[in-house]
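Numbering (my numbering), first residue to last: 8 to 241. Each residue gets a CB set at the ideal place from its N, CA and C atoms; glycine is no exception.
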């Protein structure tokens, strides 16, 4: 009888150890199951909080000069920032469009900037006026975009009349010489070779005077050191 107990003791001990391991494994699995939903919730929260960029897409065309209107756009989302695109919250509704927007295009900063070279170069209240250019009018060929000049006109009514000269404008900005602007922009090599003019920034109210003087006499430009202040007239 005692011999049977001796042989049965190791088996009983092994059974108890196995039972203990099974209970420990069950408790560990239950703990993992309890943590898993929280981990999944954190992952879902991280995905949901990923940044989304909001932009405006035109649903119809907006012509140059028209004001931006909210009803002409719909909001679209992007996972990544788009260069030049204006955020939906930053759209300057009411501002005039400088470059036409086609249906299906994103609202970008370039659409609110002048597409015309002259629009970017000519200040409000002034006009770009081209006059014929020769070695005399062009200050011996030394005139360059960005220079400041006085505009003078000379007249000779007849062979007997004494010639007259008058200063029409002073401190005028030279916008372009032979079609080339200060930043090097031009209409192309062929246009540059054919374009023998100088373009001046002239006050709107003085344009007729310059045109009349050009038709009745000869215009001459005198390069000057730019004084303070904007363009004036004599």
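Could you tell me whether the Cβ atoms of residue i and residue j are closer together than 9 Å?
{"i": "residue 119", "j": "residue 62", "result": "no"}
{"i": "residue 110", "j": "residue 91", "result": "no"}
{"i": "residue 189", "j": "residue 131", "result": "no"}
{"i": "residue 184", "j": "residue 205", "result": "yes"}
{"i": "residue 228", "j": "residue 158", "result": "yes"}
{"i": "residue 140", "j": "residue 149", "result": "no"}
For residue i, which residues of its own chain have a beta-carbon under 6 Å away from its beta-carbon, when the five flanking residues on both sides are left out?
{"i": "residue 43", "result": "Per-residue confidence for residue 43 stands at a pLDDT of 47, beneath the threshold of 50, marking its modelled position as unreliable; the derived number appears in the next sentence. There are no such residues."}
{"i": "residue 69", "result": "79, 104 and 108"}
{"i": "residue 67", "result": "79 and 110"}
Hey, out of the options, whose CA is closest to residue i's CA?
{"i": "residue 134", "options": "93, 74 and 180", "result": "180"}
{"i": "residue 224", "options": "182, 203, 171 and 189", "result": "171"}
{"i": "residue 78", "options": "86, 65 and 106", "result": "65"}
{"i": "residue 87", "options": "183, 60, 175 and 176", "result": "60"}
{"i": "residue 74", "options": "98, 204, 177 and 156", "result": "98"}
{"i": "residue 101", "options": "85, 76 and 89", "result": "76"}
{"i": "residue 154", "options": "115, 163 and 187", "result": "187"}
{"i": "residue 126", "options": "173, 182 and 115", "result": "182"}
{"i": "residue 115", "options": "211, 121, 93 and 176", "result": "93"}
Hey, residue i and residue j are a contact pair by Cβ (cut 8 Å); roughly how many whole angstroms apart?
{"i": "residue 226", "j": "residue 160", "result": "6 Å"}
{"i": "residue 136", "j": "residue 214", "result": "6 Å"}
{"i": "residue 178", "j": "residue 231", "result": "7 Å"}
{"i": "residue 129", "j": "residue 176", "result": "Not really, about 15 Å apart at Cβ, beyond 8 Å."}
Using C-beta distances below 7 Å, list every residue in its chain close to residue i, excluding the 5 sequence neighbours before and after it, in chain order.
{"i": "residue 41", "result": "Reliability of the predicted coordinates at residue 41 is poor, the pLDDT of 47 falling under 50, and no value is obtained from them."}
{"i": "residue 71", "result": "104, 105, 106 and 107"}
{"i": "residue 95", "result": "61, 62, 63 and 82"}
{"i": "residue 221", "result": "138"}
{"i": "residue 202", "result": "185 and 186"}
{"i": "residue 156", "result": "179, 181, 228, 229, 230 and 231"}
{"i": "residue 163", "result": "170"}
Apart from the five residues just before and just after residue i, which ones in its own chain have a Cβ nearer than 8 Å to its Cβ?
{"i": "residue 198", "result": "Low confidence applies here, because residue 198 scores a pLDDT of 49, under 50, leaving its location unreliable; read the following figure in that light. Excluding sequence neighbours, residue 198 sits near 186."}
{"i": "residue 89", "result": "60, 62 and 113"}
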